[in-house]
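See below for the structure under consideration.
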Amino acid sequence: MPEHGIVIVGGGLAAVRTAEELRREDYSGPITIVSDETRAPYDRPPLTKDVLRGERDDTTLEPPEFYAGHDIGLRLGCGARGVDIAAQTVTLAEGTVLGYDQLVIATGLVPRRIPSLGDLDGIRVVRSFEDSLVLRGDAAAARRAVVIGAGFIGCEAAASLRKLGVEVVLVEPQPTPLAAVLGEQIGELVARLHRANGVDVRGGIGVAEVRGDGRVETVVLADGTELPADLVVLGVGSHPATGWLDGSGIEIDNGVLCDLTGRTSTPNVWAVGDVAFWRGDGHEVRVEHWSNVVTQVRVMVPTMLGRESLHDVAVPPYFWSDQYDVKIQCLGEPKATDTVHLVEDDGHKFLAYYERDGALSGVVGAGRPAKVMGARAKIADGAPISEILNP
Ligand SMILES: Cc1cc2nc3c(=O)[nH]c(=O)nc-3n(C[C@H](O)[C@H](O)[C@H](O)COP(=O)(O)OP(=O)(O)OC[C@H]3O[C@@H](n4cnc5c(N)ncnc54)[C@H](O)[C@@H]3O)c2cc1C
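Here's what the structure looks like:
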């Protein structure tokens, strides 16, 4: 029987790092990456930052020689539209059927839209490179933008649009930016950062309507306030890209459901990255951040090859977000309901420790990289909060 090898569906960081790690672990069978994008796999964090601001035009993860040199097949512009788990095949959009010995699902996220706002031209999301280029083009002609949703994507887009000279209103139904993730106290410091840079931050209010004749002209808030706008950016979250798995029998629950090694309940099927929900042993990991992908790949790939991984998925999660001249970093699993100890705040940069059940659950800093990273061991150990507050 011919060896089908490993088929990886998805053309982002998780797909490329999985292929790379397989070769590093000396897997010598066929590897095929199948992506619905026509662009070679690229890095996404710069899309709301340097790419949007026109400071960078290439975030390609690996050059063409990487794929050739490691004998990795890269099929671009080929969306997968179904899996037959009994036959162990994946069907691509144009009808090609690929057999697999093992399948890795790495299809990431689909940005949410708000259907009730309609589809006027000028309502944008940022997930793909093309999205970022379109928004960059809009920004060059725009005077006023409304960013709906002050999560990380919305905050970063607001910051980049301001740097491009666009007037920005940032609208968020929660009282402050990032309130759901970091709580209102730290969210207020993020709001302060945006206000200091000229953004009109409106917390605690939603958007009722977007009006315009073919193209966006006015955003109407829930209280009737009308905001003139020639551009609207939606930063209202994403959902796992699992639609193509409907009816396959692969278990979906807030993403592709896996154990803590990336193994799904379907034989020879794995999932990794933003699309995956790793669950087990009291841990739940569905993290939509870059470093998590790298951690998961290091755990999953040796397991796929029947080896023990030297890595553990239960490392404290980490992410960063660049807004204006500040890098906001978050280590651990702070929750909005935790007690927040704001230990440094100079009006611009800050550092906060999060406490849950008496233990250090996480740290969030703006412009405080050494102190954020320095808390890693204590967070991993679940150290008492007093150990970091009174060292
Ligand atoms: C704008 C932006 C900024 C970000 N900034 C930060 C940051 O500052 N810090 C941080 O920690 N994280 C950041 N992230 C998150 C980080 O980029 C993601 O965690 C990471 O990209 C996840 O990689 P992935 O491979 O799982 O998913 P993705 O990168 O989304 O890749 C999934 C790929 O699968 C493809 N695909 C989907 N469906 C199919 C199908 N049916 N068939 C074939 N291919 C398919 C998609 O088109 C895509 O190419 C950011 C994300 C975005 C979008």
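The sequence shown: position 87 = 87 (the UniProt record's numbering), numbered continuously. Just so you know, even glycine gets a beta-carbon here, dropped at the ideal spot from N, CA and C. None of these values were measured; they are calculated from a predicted model.
If we require 4 or more residues per run, which alpha helix (DSSP H) segments fall completely within the stretch 96 to 120? none
Leaving out five residues on either side along the sequence, give the residues of the same chain with a beta carbon under 8 Å from the beta carbon of Arg143. Taking the first residue of the sequence shown as 1, we reach residue 143 at position 143. Val166, Glu167 and Asp230, listed in sequence order.
In chain order, which continuous runs of the beta strand (DSSP E) of length 3 or greater are located wholly inside the stretch 185 to 259? 200 to 203, 207 to 212, 216 to 221, 226 to 228, 231 to 234, 238 to 240 and 256 to 258
With a threshold of 6 Å on Cβ separation, who are the neighbours of Leu257 within its own chain once the five nearest residues in sequence on each side are excluded? Mapped onto the sequence shown, residue 257 falls at position 257. If we look at Leu257 and ignore the five residues flanking it on each side, its Cβ neighbours are Glu251 and Phe277.
Counting only the same chain and skipping the five closest in sequence on each side, list residues whose C-beta sits under 7 Å from that of Ala180. Taking the sequence shown and counting its residues from 1, the one referred to as residue 180 is at position 180. Answer for Ala180: Gln174 and Ala336, listed in chain order.
Give me the Cβ distance between Ala19 and Ile72, rounded to the nearest whole Å; I'm assuming they're in contact under 8 Å. Residue mapping note: residue 19 aligns to position 19 of the sequence shown, counting from 1. Residue mapping note: residue 72 aligns to position 72 of the sequence shown, counting from 1. Between Ile72 and Ala19 the Cβ distance is about 5 Å, and since that is below 8 Å, they are a contact.
How many angstroms separate the CA atom of Ala191 from the CA atom of Glu333? By one-based count along the sequence shown, residue 191 stands at place 191. By one-based count along the sequence shown, residue 333 stands at place 333. Whole-angstrom Cα-Cα distance: 21 Å.
Since Arg112 contacts His239 with CB under 8 Å, what's their CB separation in whole angstroms? Against the sequence shown, residue 112 aligns to sequence position 112. Against the sequence shown, residue 239 aligns to sequence position 239. The Cβ separation is near 6 Å, so the contact holds.
Give the secondary structure of Gly11 by DSSP, where H, G and I count as helix, E and B as strand, and everything else as coil. Working through the sequence shown from its first residue, we reach residue 11 at position 11. Three-state DSSP puts Gly11 in coil, outside helix and strand.
If distances are taken between C-alpha atoms only, which option among His4, Glu3 and Ala14 comes closest to Met300? Indexing the sequence shown from 1 puts residue 300 at position 300. The shortest Cα separation from Met300 among His4, Glu3 and Ala14 belongs to Ala14.
For Asn292, is the beta carbon positioned less than 8 Å from some heavy atom of ligand 1? Translated into positions along the sequence shown, residue 292 becomes position 292. It does: the Cβ of Asn292 is within 8 Å (strictly closer) of some heavy atom of ligand 1.
Report the rounded CA-to-CA distance for Leu74 versus Val110, giving the unit in angstroms. Translated into positions along the sequence shown, residue 74 becomes position 74. Translated into positions along the sequence shown, residue 110 becomes position 110. Rounded to whole angstroms, Leu74 to Val110 spans 22 Å at the Cα level.
Bridge partners - Val83, DSSP secondary structure assignment: Position 83 of the sequence shown holds residue 83. Val90, per the DSSP bridge assignment.
Does Thr96 pass the burial test, meaning 16 or more other C-beta atoms within 10 Å, or should it be called exposed? Within the sequence shown, numbered from 1, the residue matching residue 96 stands at position 96. Exposed, because fewer than 16 other Cβ atoms sit within 10 Å of the Cβ of Thr96.
Can you list, in chain order, the residues of its chain with a C-beta nearer than 8 Å to that of Gly237? Leave out the 5 residues immediately preceding and following it. Looking up residue 237 in the sequence shown gives position 237. Pro111, Arg112, Gly149 and Gly151.
Exposure of Pro316, with buried meaning 16 or more beta-carbon neighbours within 10 Å: In the sequence shown, the residue the question calls residue 316 occupies position 316. So Pro316 counts as buried.
Check whether the Cβ atoms of Arg44 and Arg162 lie closer than 9 Å to each other. Here residue 44 refers to the residue found at position 44 when the sequence shown is read from its first residue. Here residue 162 refers to the residue found at position 162 when the sequence shown is read from its first residue. Against a cut-off of 9 Å, the Cβ pair of Arg162 and Arg44 comes out as no contact.
Three-state secondary structure assigned by DSSP to Tyr67: Here residue 67 refers to the residue found at position 67 when the sequence shown is read from its first residue. The answer is helix: DSSP assigns Tyr67 an H, G or I state.
Let me know the beta strand (DSSP E) ranges lying completely inside the UniProt domain "Reductase C-terminal" (318 to 386), each 3 residues or longer, listed in chain order. 318 to 323, 326 to 332, 339 to 345, 350 to 356 and 359 to 366
Is the stretch 25 to 34 in contact with the stretch 2 to 12, if contact means three or more CB pairs nearer than 8 Å? yes
With respect to the alpha helix (DSSP H) encompassing Val301, which residues constitute its N-terminal and C-terminal limits? What you label residue 301 is simply residue 301 of the sequence shown in a count that begins at 1. Val301 -> alpha helix (DSSP H) spans Trp290 to Met304.
Identify whether Ala276 lies in helix, strand or coil by the three-state DSSP scheme. Here residue 276 refers to the residue found at position 276 of the sequence shown. Note: Ala276 maps to strand in three-state DSSP.
Please tell me whether, using a cut-off of 8 Å, the distance from the CB of Asp246 to the nearest non-hydrogen atom of ligand 1 is below it. Numbered from 1 along the sequence shown, position 246 holds the residue referred to as residue 246. For ligand 1, not one heavy atom lies less than 8 Å from the Cβ of Asp246.
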